[in-house]
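Residue numbers (the numbering used here), protein chains in the order written: chain A, 1 to 225; chain B, 1001 to 1225; chain C, 2001 to 2062; chain D, 3001 to 3062.
Note that beta-carbon positions come from the ideal geometry of N, C-alpha and C, so glycine has one too.
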Amino acid sequence: MSVREEFDAWAAEGREQGMEDRHWHTARPILARMPVEDGDTVLDLGTGSGYALRALRERGIGAAYGLDGSPEMARKADGYSEDDAVGFLVGDFDHLPFADGSIDHAFSMEAFYYANDPHHTLEEIRRVLKPGGTFYCAVNYYEENVASHGWQANIEIEMTRWDRSEYRDAFRDAGLHVAEQDNVPDREIEIPPASEFPHEEFDSREAMVERYRTWGTLLTVGVAP
Amino acid sequence: MSVREEFDAWAAEGREQGMEDRHWHTARPILARMPVEDGDTVLDLGTGSGYALRALRERGIGAAYGLDGSPEMARKADGYSEDDAVGFLVGDFDHLPFADGSIDHAFSMEAFYYANDPHHTLEEIRRVLKPGGTFYCAVNYYEENVASHGWQANIEIEMTRWDRSEYRDAFRDAGLHVAEQDNVPDREIEIPPASEFPHEEFDSREAMVERYRTWGTLLTVGVAP
Amino acid sequence: MKESLMEIVCCPMDKHDLELDADERDDGEIISGTLTCTDCGESYPIEDGIPNLLPPDMRDDA
Amino acid sequence: MKESLMEIVCCPMDKHDLELDADERDDGEIISGTLTCTDCGESYPIEDGIPNLLPPDMRDDA
Ligand SMILES: Nc1ncnc2c1ncn2[C@@H]1O[C@H](CSCC[C@H](N)C(=O)O)[C@@H](O)[C@H]1O
Ligand SMILES: Nc1ncnc2c1ncn2[C@@H]1O[C@H](CSCC[C@H](N)C(=O)O)[C@@H](O)[C@H]1O
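So, in structure tokens, the structure goes:
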């Protein structure tokens, strides 16, 4: 199954909305850290419903582009935005259709690890960023977050499961400086009392607390030299 | 009153311990974001009791140097550390006694705004950092944090009160890329019930909540190109 | 898509400039048309206002 | 101070190398001594194991 087929199906089922709701818990504080200025051009990789760009536009960036490998997802995102300065494109992480040094800052939430060749994707991101441009890479699927390990069984696309230091190494191998790495907790998700467990995929309350409050979203920030 | 006289007096009164206790609430999550690796050389500017370096050493950095303009403060810090890889120096922010490109990462908590010439201090920091090295600059005294404005009245050293965008601009003027800016909340300080206000310097509970939970510590992260 | 996107967009394969051929415009937006690489000649469709810049083999496989 | 500090330390004024003259050592640490700039000749004291690299006028003013 290709990225296009898989996520076209997700879009057809309306799953972009549930992702936006859940991912927003940690995407919001992460987006708040980005050093964007008025007039900047920002790229969102694997944009889904496009919520990240709508949020950044409220802070006054100049132009916002959301790239997604699923035409149906891009169509959904386009439908959610009325803003002339926000545009969507269909494209692939490993073949970015942007000129060298054309992007001020890039963001990606819960999408990077679907890249067919994540090392090459990082090189592409470095290529399209201006000097000093940042890449805010946020993932919930990663080695330390053991609760995420089962996700691969539910999807046919091969997912990359790096740990914290593998992310730092890969960024540096691609020529990006690593400016920050953080585990951003999800403080908003409701965690029921212990008596209600098993709950969702969690056997115990501790496991759910660890998943969301301890590990949360892994953020790695790269800077183009 | 010079920095040396002022902070020698603070050290004589033992104020470095109270600062460590209070600043740790936001310094801890900030230090956790730093992309330090085994073997890195890290500099702490205005080190006070030196707690930041002791914490970073637990993560396995190679060498840690704390610089302070107050000989008595440096002596205190030296007394708190038994670690051979942690060293302290007396020196001034505007005249850093380190060779070009000799430092992997730099940190500073509640000290930067005492610099006599903060623009020049940033140039000095850029000079001593290796390419890709970061400067984690954390301050509680800044424009948006209105509760901090009164602090100048209690100290004879002139303090720099920039706002968020002035920090970003000054970093860039000094040739540092800005990778991140964030308001890091102090979630640990106890805020009494409304009936107990006025409390400390706060007229109302709302004012204390705004000071600590909304504004907290302003973090600006610069990266040497 | 907005015409301003032309300033930063390029061929996903060889990164050369693209040339715009608009079939349908609406209020400053290009609704449908084609983007053609000025170097390799590969062309990419714009449909419902969204350019599809997937590499040709990823666009066409079913 | 540890002798390894010599690898990165320099004169705060002109950023030239410093030369170490140790008066007292203990277990690999230099307890007291002098650091002298190889260029401007300015010297900086080491006391109680801590080098004082303040510019001379900031060190001496009272
Ligand atoms: N190789 C690839 N190239 C481009 N987009 C891809 C891709 N692999 C996955 N994607 C897209 O990445 C998205 C992952 S889902 C996450 C969506 C959104 N960022 C959110 O936080 O909710 C999907 O929309 C999927 O189509
Ligand atoms: N111009 C300057 N050069 C070097 N150190 C300075 C300085 N101005 C102030 N300082 C030092 O900066 C410290 C500020 S107090 C903060 C101490 C510590 N970082 C903490 O978080 O608790 C003092 O120890 C003071 O001596």
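In angstroms with no decimal places, state the Cα-to-Cα distance between Ala52(A) and Arg22(A).
Near 13 Å, if we compare the C-alpha coordinates of Arg22(A) and Ala52(A).
Confirm the yes/no value for this check: CB of Asn1116(B), any heavy atom of ligand 2, distance under 8 Å.
Yes, since a heavy atom of ligand 2 falls inside the 8 Å radius drawn around the Cβ of Asn1116(B).
Taking all protein chains shown into account, do 16 or more other C-beta atoms lie within 10 angstroms of the C-beta of Ser1165(B), making it buried, or fewer, making it exposed?
exposed
Can you tell which of Trp24(A), Thr220(A) and Ala32(A) has the C-alpha that lies nearest to the C-alpha of Asp169(A)?
Thr220(A)
CB contact below 9 Å: Glu2019(C) versus chain A
no
Is Ala1207(B) near ligand 4, going by C-beta to nearest heavy atom under 8 Å?
No copy of ligand 4 appears in this structure; the ligands present are ligand 1 and ligand 2.
CB contact check: Asp3026(D) to chain B, cutoff 9 Å
no
Please state if the CB of Phe107(A) and the CB of Leu56(A) are separated by a distance shorter than 9 Å.
yes
Residues near Pro3056(D) in its chain [Cβ-Cβ closer than 7 Å; skip 5 each side]
The beta carbon of Pro3056(D) lies closer than 7 Å to those of Glu3042 in the same chain, with the five residues before and after it left out.
Could you tell me the boundaries of the alpha helix (DSSP H) in which His3016(D) lies?
Here His3016(D) belongs to no alpha helix (DSSP H), and DSSP marks it neither H nor E.
Tell me which residues of the segment 1175 to 1199 of chain B have at least one Cβ-Cβ distance to chain A shorter than 7 Å, keeping chain order.
His1177, Val1178, Ala1179, Glu1180, Gln1181 and Asp1182
Going by DSSP, which residues form a beta bridge with Asp1044(B)?
Gly1066(B) and Phe1107(B)
For Val1128(B) and Asp1104(B), I'd like the C-alpha separation in whole angstroms.
Using only the alpha carbons, I get a separation of about 9 Å.
Within a Cβ cutoff of 7 Å, which residues of the same chain sit near Asp2017(C), ignoring the five residues on either side of it in sequence?
Cys2010 and Thr2038
Within 9 Å (strictly less), CB to CB, does Gly3033(D) reach chain B?
no
Using the Cα positions of Ala2062(C) and Pro71(A), report the straight-line distance between them to the nearest angstrom.
Caution is warranted here: a pLDDT of 47 is assigned to Ala2062(C), below 50, making its placement in the model unreliable, and the coordinate value is therefore given only provisionally. Between Ala2062(C) and Pro71(A), the C-alpha separation is close to 13 Å.
Please tell me whether Val223(A) has its Cβ less than 9 Å away from any Cβ of chain B.
yes
Please classify Met208(A): is it buried, with 16 or more other beta-carbons within 10 angstroms of its beta-carbon, or exposed?
Answer is buried; the Cβ neighbour count reaches 16.
At a cut-off of 8 Å, is Asp203(A) close to ligand 1 when judged by its beta-carbon and the heavy atoms of the ligand?
no
Could you spell out where the beta strand (DSSP E) holding Gln181(A) opens and where it closes?
His177 to Val184
Between the CA atoms of Gly133(A) and Glu201(A) - distance to the nearest angstrom:
Taken atom to atom, the span from the alpha-carbon of Glu201(A) to that of Gly133(A) is near 38 Å.
With DSSP as the reference, identify every bridge partner of Arg3025(D), one or two as the case may be.
Ile3030(D)
For Ile1061(B), which three-state DSSP category applies?
coil
For Gly1066(B) and Thr1047(B), believed in contact at Cβ under 8 Å, the rounded distance:
3 Å
Measuring only the C-alpha atoms, how far is Pro1225(B) from Pro193(A)?
49 Å
Using a beta-carbon distance cut-off of less than 7 Å, what residues from the segment 1052 to 1069 of chain B approach chain A?
Listed in chain order, the positions of the segment 1052 to 1069 of chain B with a beta carbon within less than 7 Å of a beta carbon of chain A would be empty, since no residue qualifies.
At a Cβ threshold of 9 Å, is Glu2047(C) touching chain A?
yes
Please report the straight-line C-alpha distance between Gly39(A) and Asp83(A), rounded to a whole angstrom.
15 Å
For Ala1032(B), which residues in chain A fall below 7 Å Cβ to Cβ?
Correct list: Asp182.
Should the segment 91 to 99 of chain A be regarded as contacting the segment 108 to 119 of chain A, the criterion being three or more beta carbon pairs within less than 8 Å?
yes
By the criterion of Cβ-Cβ separation under 7 Å, what are the contact partners of Thr134(A) in chain B?
Ala1179
Residues bridged to Cys1137(B) [DSSP beta-bridge criterion]
In DSSP, Cys1137(B) forms a bridge with Ser1108(B) and Thr1220(B).
Chain-ordered chain C contacts of Ala115(A) [CB-CB under 9 Å]:
Result: empty, since nearest Cβ-Cβ is about 13 Å, beyond 9 Å.
Taking 9 Å as the threshold (C-beta atoms), are Met3001(D) and Pro3045(D) in contact?
For Pro3045(D) and Met3001(D), no; Cβs fall outside 9 Å.
Give a yes or no on whether the minimum CB-CB distance between Ser3043(D) and chain B is below 9 Å.
Judged by the 9 Å Cβ criterion, Ser3043(D) is not in contact with chain B.
Using a threshold of 9 Å, state whether the C-beta atoms of Thr1217(B) and Ala1027(B) are closer than that.
yes
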